[in-house]
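Asker:
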Amino acid sequence: MSATTSGIDMESVQRFAGKVFADLTAEQMGPLSAVADRLGLFQSLAELGAVSATEFARHTGLHERYIREWLSAMACHGYVQYDNANETFRLPPEHAMVLADSESAFYLGSTFSMAEAFWRHVDQLADAFRHGGGIPQSGFGERFWCGFERFTGPAFRRFLCQQWIPALPSVDAALRAGGSAADVGCGNGQAVLVLARGYPRATVVGYDNFAPAIAAAITNARAAQVQDRVRFEMRDVVQGVPGTFDLITLFDVLHDMPHPKPALESIAHALRPGGTCLVAEFNVFGDLAHNIEHPLGLGAFGYSVSINYCMTQALAAGGVGTGSCMGEERIRALANESGFNSVQRLDFPESPFNVFYALQP
Ligand SMILES: C[S@@+](CC[C@H](N)C(=O)[O-])C[C@H]1O[C@@H](n2cnc3c(N)ncnc32)[C@H](O)[C@@H]1O
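Per the numbering used here, the sequence shown starts with residue 9, numbered consecutively.
1. Here's the rule I'm using: 16 or more other beta-carbon atoms within 10 Å means buried, otherwise exposed. How should Met9 be labelled?
2. Reducing DSSP to helix, strand and coil, say where Ser10 ends up.
3. State the DSSP-derived secondary structure class of Ser359, mapped to helix, strand or coil.
4. Does the region 117 to 126 touch the region 164 to 174, meaning 3 or more C-beta pairs lie closer than 8 Å?
5. Can you say whether Asn94 is buried or exposed, counting buried as having 16 or more other CB atoms within 10 angstroms of its CB?
6. Within a Cβ cutoff of 7 Å, which residues of the same chain sit near Glu72, ignoring the five residues on either side of it in sequence?
7. Check for me: the alpha helix (DSSP H) holding Ile226 runs from which residue to which?
8. So the candidates are Pro101, Val351, Phe164 and Gly186; which of them puts its Cα closest to the Cα of Gly197?
9. With a CB to CB cut of under 6 Å and the five nearest residues on each side skipped, what residues in its chain are close to Phe361?
10. Just to confirm, does Phe156 get its C-beta within under 7 Å of one of the non-hydrogen atoms of ligand 1?
11. Give the DSSP bridge partners of Leu367, in chain order.
12. Using three-state DSSP, classify Ala175 as helix, strand or coil.
13. So Glu150 is in the alpha helix (DSSP H); what residue range does that whole segment cover?
14. With distances taken Cα to Cα, identify the nearest neighbour of Ala123 among Ser20, Val21, Leu354 and Gln36.
15. Taking all protein chains shown into account, do 16 or more other C-beta atoms lie within 10 angstroms of the C-beta of Ala181, making it buried, or fewer, making it exposed?
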């Protein structure tokens, strides 16, 4: 029997306080991981193998007192393993895939630097709760977008031309034969660069309505030496998509769009006969009850990232504020209303956090 005080289950209070304390701990660990992202600490630890705090400080050229405290926090938090007998620390290879290997499909090491923007916006967010409106996309800053690019880039490089497009055989064939593709909401351009490399005969263009994203995409194309094979254009696709395409992609864009219906209508008009719009969204449900029981536990992430960025920047732009948890039914309904008669869901087991839809007019 639980100990109770005035009808309060004190065991349950203690359990819940434990959960909140764990959340508080995770939140405090965030800046430590952001520092690691700046200084390459997870990468250095992965390279070195088992190492003492003194050796790690010497190798990284950083202050030992900070390094020892950082390693201790990481060991208690379960990111790093500690060998008490030898007083050494190591990053297990499985953890390195998530925290250090920036080409791994499970890489999350860049996301801690993105979270800085969320904390910076707490006052503005509270104002938006009071008075409506939101926080414009421009308020999030370069570090946020650089983190996002490093978050989504590895999956494009691993799966876009190897799995996602080959699942659409006629699109794959058209692009191999020199067709054309547009990535709408291209951000810093990573998917466009991958498409250009994977389909060397295809014409590839990236559209985005955010000027800093287009500038970063052009810089990235130059660095990747594909600037003569791709084109980036600043454009709100609600105003139309110039040209016609075998493939138009929307990677983590549909729910962010201030006005998704007219944008999808433009896209439907810009597809060639047999052309496809490939949409990638978070693998969340459209209804709260299912998200509370989400098998991968993504529900709270979906709604919180929605408030911290997705819904809030769309509301700042006077949009409908779709929110991150669109879910299959809403996506199907929106696609149908916007001129797409066929909506096929695609699931790729190696991309469990995303769900894909192939839309055809
Ligand atoms: C979350 S980011 C995704 C970036 C990129 N697709 C990726 O996965 O890394 C969403 C992008 O969609 C762009 N966007 C939103 N609405 C748009 C519209 N109507 N026309 C063009 N771009 C749009 C935003 O500017 C932003 O860069």
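We put the CB at the ideal spot given by N, CA and C, even for glycine.
Answerer: Reading off the structure:
1. At Met9, the pLDDT of 44 sits below 50, so the modelled position is not reliable; the number obtained from the coordinates is stated separately. By the neighbour-count rule (16 or more Cβ atoms within 10 Å), Met9 is not buried but exposed.
2. Only weak support exists for where Ser10 lies, its pLDDT of 49 falling under 50; the coordinates are left without a value.
3. coil
4. no
5. exposed
6. Ala61, Thr62 and Ala65
7. Ala219 to Ala231
8. Phe164
9. Asn291
10. yes
11. Cys285 and Val351
12. coil
13. Gly149 to Ala163
14. Gln36
15. exposed
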